[in-house]
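Residue numbering for the sequence shown is 49 to 553, as defined by this note's numbering.
Just so you know, even glycine gets a beta-carbon here, dropped at the ideal spot from N, CA and C.
First up is the structure itself, then whatever we jot down about it.
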Amino acid sequence: MRKYDFIFGIGRACACSQTLRRAGLQLLSLPWDWLAINPKPEGSDLHIRLHIMENGFSDWLNKEDLVFAGHHAENGKDQYRNVRYNIVHPHDFPRDVPLDESYPAVKAKYDRRVARFKRLVAEARSGVLAVYMDTPVSPKASVAECKEAHKRLQSLYPHVKVDFLMVSLEEGRSFDDRTVEDLGDGFTRIAFDFKDYAPNKPPYSVDIGQCAEAMKSVASVKDYRTAAERRAVLERTRQAKMREYGAQTKWQYFLIRRRMDFDRLREMIYPRVPLARLRRKRYDHVLSLGMNCEPAFRFSLDWGFVDSTPYAWGLSRHLRGLAESIENPGLIGSEGFEWSPDFLMWRCRRTGSYFHGKLVSGKRKDAYAPELLEADRKELVERLEYLNGKLTRILRDESSKALILRVHTREALAPDVNDGVDAVQRALELRGACNYTLVIVTEKVAKGRVAPAPNRLVRTVRVFNPGNAVVRKKLGDPTGWRALYAEFTPAKIREKKHAFKFENG
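Okay, here's the thing in structure tokens:
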């Protein structure tokens, strides 16, 4: 294994950079990280990339060469295609922002990456490594093409020894049986089947973990970052963690981390999940009645699927309003829905409840075109009609059901909370519910406020997730929710039919 001054990827797609990062071989962002090239005629795109590098990246991102190519379904971005080189930008342009507005920031970002790349190559002395990696859905490069690319790179950077790593997709060859060939003059070829065959994976997916292990076995890299770059990376990491934990300040982040440490210690002394398993009962259906998305979100983390209801991915403000819509499902949407740009959800004008559409939430509250919103509204109406019919059928049949209801703390602390919970349970039975257990979930601060009753149990978690960070798995009380779903468990693990919105957003 050789240690290099600098290692960089030259495609063919984003998985090359993702793998290098996972392997610890790429430490900063570089020009080819998140781009794809669709060459004409179909074939390897190496000659296009080498031509651009030989030209010093001088004309590879001109605004006049960019044409809109549609919306990226998975990340919600606008895609643009460079007609000069057929480069596709899947990750750079924010959705529904005119090119005149978005282009300067994208251009500045790539100018920084190009300058960084040129500096790191120029500063390298002992050796650099260029890495090319096939993808499962694109034409594969030949050894001859990669050797020609290697030769051109060495001519382009004569001051330093340039090595080349080719990672070839060889269908049917396992990772353990992979080939590692030294083809001379610093050219290495690794070959195995690194397509990710896991269920529901897109056809272009690769097994990043296995590819990273393969790369680490042949190369390492020194930390080429400046002190300022290392500090910037640490600060970005901390900012990302703060967003993940819902912390607005460094002090809040510190307190959250210490609280998590305390929770781990407490769990060692009083293991809630193992104790909950002693009370385990399996149900044909474990369904969320809201009052927001957290019960469904937590269930999905533990069991990998959600048995959806109209309330699983929605927000109900009050128990009595929820009871009314359960008893009379036709009320939902009876007076139409209106888009809430603050919540990025649809508000039912009749009940006041909010429901998520299928649109992936963008950073701009006004980022959705009217035609997209109208299509999303129609999809929501159809989905709620189906889910209401499904819920009615399940409530009335003889299957066993655990109905999980997370009660907002302001509701749980109200003097009439039991009247509200009674109203929900009465509505369920008026709708025909049988063979069910209604599981009321409250925060610890409201423990004892909700009374148990026939077909009703009460459980507590230490704290709920904040309303603006419902789908942050490390916030709130993850252990408390795991304990809940260790006690109330599905009798059958159902297939996950699609990615959840919070996974795409």
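Exercise. Do Leu73 and Ala267 have their C-beta atoms closer together than 9 Å?
Worked result: yes
For this session: Starting from the Cα of Glu193, find the closest Cα among Pro377, Phe212 and Leu428 and give me that residue.
Result: Phe212
Exercise. In its own chain, which residues sit with a C-beta less than 6 Å from the C-beta of Val281, not counting the 5 before and 5 after it?
Worked result: none
Exercise. Looking at C-alpha atoms only, which residue of Ala117, Gly437 and Arg397 is the closest neighbour of Arg129?
Worked result: Ala117
Exercise. If you compare alpha carbons, which of Leu75, Pro514, Ser382 and Glu229 is closest to Phe54?
Worked result: Leu75
For this session: For the alpha helix (DSSP H) containing Ala63, list its first residue and its last residue.
Result: Cys62 to Arg70
Exercise. Are there 16 or more other CB atoms within 10 angstroms of the CB of Met49, so buried, or fewer, so exposed?
Worked result: exposed
Problem set entry | Pick from Val254, Ala534 and Asn340 that is closest to Met181, judged by C-alpha positions | Val254
Problem set entry | Best match in Val210, Thr227 and Tyr484 for proximity to Leu217 [C-alpha to C-alpha] | Thr227
Exercise. Can Gly263 and Ile304 be called in contact, C-beta distance under 9 Å?
Worked result: With the sequence shown as reference, residue 263 is identified as Met, and Gly is not the correct amino acid for it. No, they are not a contact pair.
For this session: Check Phe105 in the structure and name its three-state DSSP category.
Result: coil
For this session: Go ahead and label Ile541 buried or exposed: buried means 16 or more other beta carbons lie within 10 angstroms of its beta carbon, across all protein chains shown.
Result: exposed
Problem set entry | Distance CB(Val18)-CB(Phe391) smaller than 9 Å | Lying before the first or after the last residue shown, residue 18 is absent from the chain, which here runs from 49 to 553.
Problem set entry | Met214 - partner residues in DSSP beta bridges | Tyr180 and Arg237
For this session: Can you check the region 296–369 for any alpha helix (DSSP H) of at least 4 residues that lies completely inside it and give the ranges in chain order?
Result: 298–317, 320–325 and 342–351
Exercise. Span of the beta strand (DSSP E) holding Ile452?
Worked result: Lys449 to Arg454
Problem set entry | Cβ separation of Leu337 and Ile452, assumed to be a contact under 8 Å, to the nearest whole Å | 7 Å
For this session: Check whether the Cβ atoms of Glu342 and Asn516 sit closer than 9 Å, and answer yes or no.
Result: no
Exercise. In the structure shown, what three-state DSSP assignment does Asp53 receive?
Worked result: coil
Exercise. Mind checking whether Gly405 and Glu372 have CB atoms under 9 Å apart?
Worked result: no
For this session: Under 8 Å by Cβ, that's how I've got Ser555 and His333 pegged, so tell me the actual separation to the nearest angstrom.
Result: Beyond the ends of the chain as shown, which are 49 and 553, falls residue 555; an answer cannot be given.
Exercise. Any idea what DSSP makes of His207, helix, strand or coil?
Worked result: coil
Exercise. Near Asp271, which residues of its chain fall below 8 Å by C-beta distance, leaving aside the five closest residues on each side in sequence?
Worked result: Leu75 and Arg278
Exercise. Taking the Cβ atom as the reference point for each residue, do Tyr331 and Phe536 lie within a distance shorter than 9 Å?
Worked result: yes
For this session: Within the same chain, show all residues whose beta-carbon is closer than 6 Å to that of Asp81, passing over the 5 residues directly before and after it, in chain order.
Result: Ser65
Problem set entry | Beta-carbon spacing of Ala134, Asn86 below 9 Å | Reading off the sequence, residue 134 comes out as Asn, not Ala. Yes; because the gap between Cβ atoms is below 9 Å, this pair is in contact.
For this session: Could you pull out every residue in the same chain whose Cβ sits closer than 6 Å to the Cβ of Arg4, ignoring the five residues on either side in sequence?
Result: This structure cannot settle anything about residue 4, because the visible part of the chain is limited to 49 through 553.
Problem set entry | Proximity winner among Ala84, Arg510 and Leu109, relative to Pro152 (alpha-carbon distances) | Leu109
Problem set entry | Terminal residues of the beta strand (DSSP E) in which Thr508 lies | Arg504 to Val509
For this session: Leaving aside the five residues before and after Ala534 along the sequence, list all residues of the same chain whose C-beta is less than 7 Å from its C-beta, in chain order.
Result: Val321, Ala324, Arg325 and Arg328
Problem set entry | Cβ neighbours of Thr357 in the same chain (closer than 8 Å, five flanking residues each side left out) | Leu335, Ser336, Leu337, Leu435, Lys438 and Leu439
Exercise. Out of curiosity, what's the CA-to-CA distance linking His95 and Leu201?
Worked result: 11 Å
For this session: Quick one: measure Cβ to Cβ for Phe240 and Phe165, integer angstroms, because I've assumed they're closer than 8 Å.
Result: Rounded, the Cβ-Cβ distance is 29 Å, inconsistent with contact.
Exercise. With 9 Å set as the bound, which would you pick, yes or no: does the beta-carbon of Glu427 sit closer than that to a beta-carbon of chain B?
Worked result: This model lacks chain B altogether; it includes just one protein chain.
Problem set entry | Three-state secondary structure (DSSP) of Gln287 | helix
Problem set entry | First and last residue of the uninterrupted alpha helix (DSSP H) at Phe165 | Leu147 to Glu171
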